[in-house]
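Numbering (this note's numbering), first residue to last: 119 to 187.
From the three backbone atoms N, C-alpha and C, an ideal C-beta is built for every residue, glycine too.
Here the structure is a predicted model, which is why all the values come from computation and not from measurement.
Data first, discussion second: the structure below is written as structure tokens.
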């Protein structure tokens, strides 16, 4: 995701992240404009769908399949 956030920043766009609170969590990358932390995966999915204009799905693993369905 850092590459996508960096690309948006380079062309003057904005990036917002929706992170899950986990015991071992990475920090937000330096290219984000705003980020929020949520307790539940379902809330994150609802927010991602509600405020999105389009979706691009690339081949991935179980997490990708879970998010698209």
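Who are residue i's beta bridge partners in DSSP?
i: residue 164; result: In the DSSP output, where bridge partners are listed per residue, residue 164 has none listed.
i: residue 152; result: 134
Relative to the C-alpha of residue i, which residue among the options is closest?
i: residue 151; options: 181, 135 and 177; result: 135
i: residue 160; options: 131, 184, 125 and 130; result: 184
Ignore the nearest five residues each way along the sequence and tell me which others in residue i's own chain have a CB closer than 6 Å to its CB.
i: residue 146; result: 135 and 153
i: residue 165; result: 136
i: residue 120; result: 147
i: residue 127; result: 149
Are there any heavy atoms of the ligand GDP lying less than 7 Å away from the beta-carbon of residue i, as far as the coordinates show?
i: residue 142; result: This structure simply doesn't include the ligand GDP, nor any ligand for that matter.
Identify, in the order they occur along the chain, each residue of the same chain with its Cβ nearer than 8 Å to the Cβ of residue i, setting aside the five sequence neighbours on each side.
i: residue 106; result: Missing from the structure shown is residue 106; the chain here goes from 119 to 187 and no further.
i: residue 123; result: 133, 135, 147, 149 and 150
Tell whether a beta-carbon distance below 8 Å holds between residue i and residue j.
i: residue 175; j: residue 186; result: yes
Leaving out five residues before and five after residue i in sequence, what residues of the same chain have Cβ atoms less than 7 Å from its Cβ?
i: residue 181; result: none
Counting only beta-carbon separations shorter than 8 Å, does residue i have a partner in chain B?
i: residue 177; result: Here chain B cannot be found, since the structure has a single protein chain.
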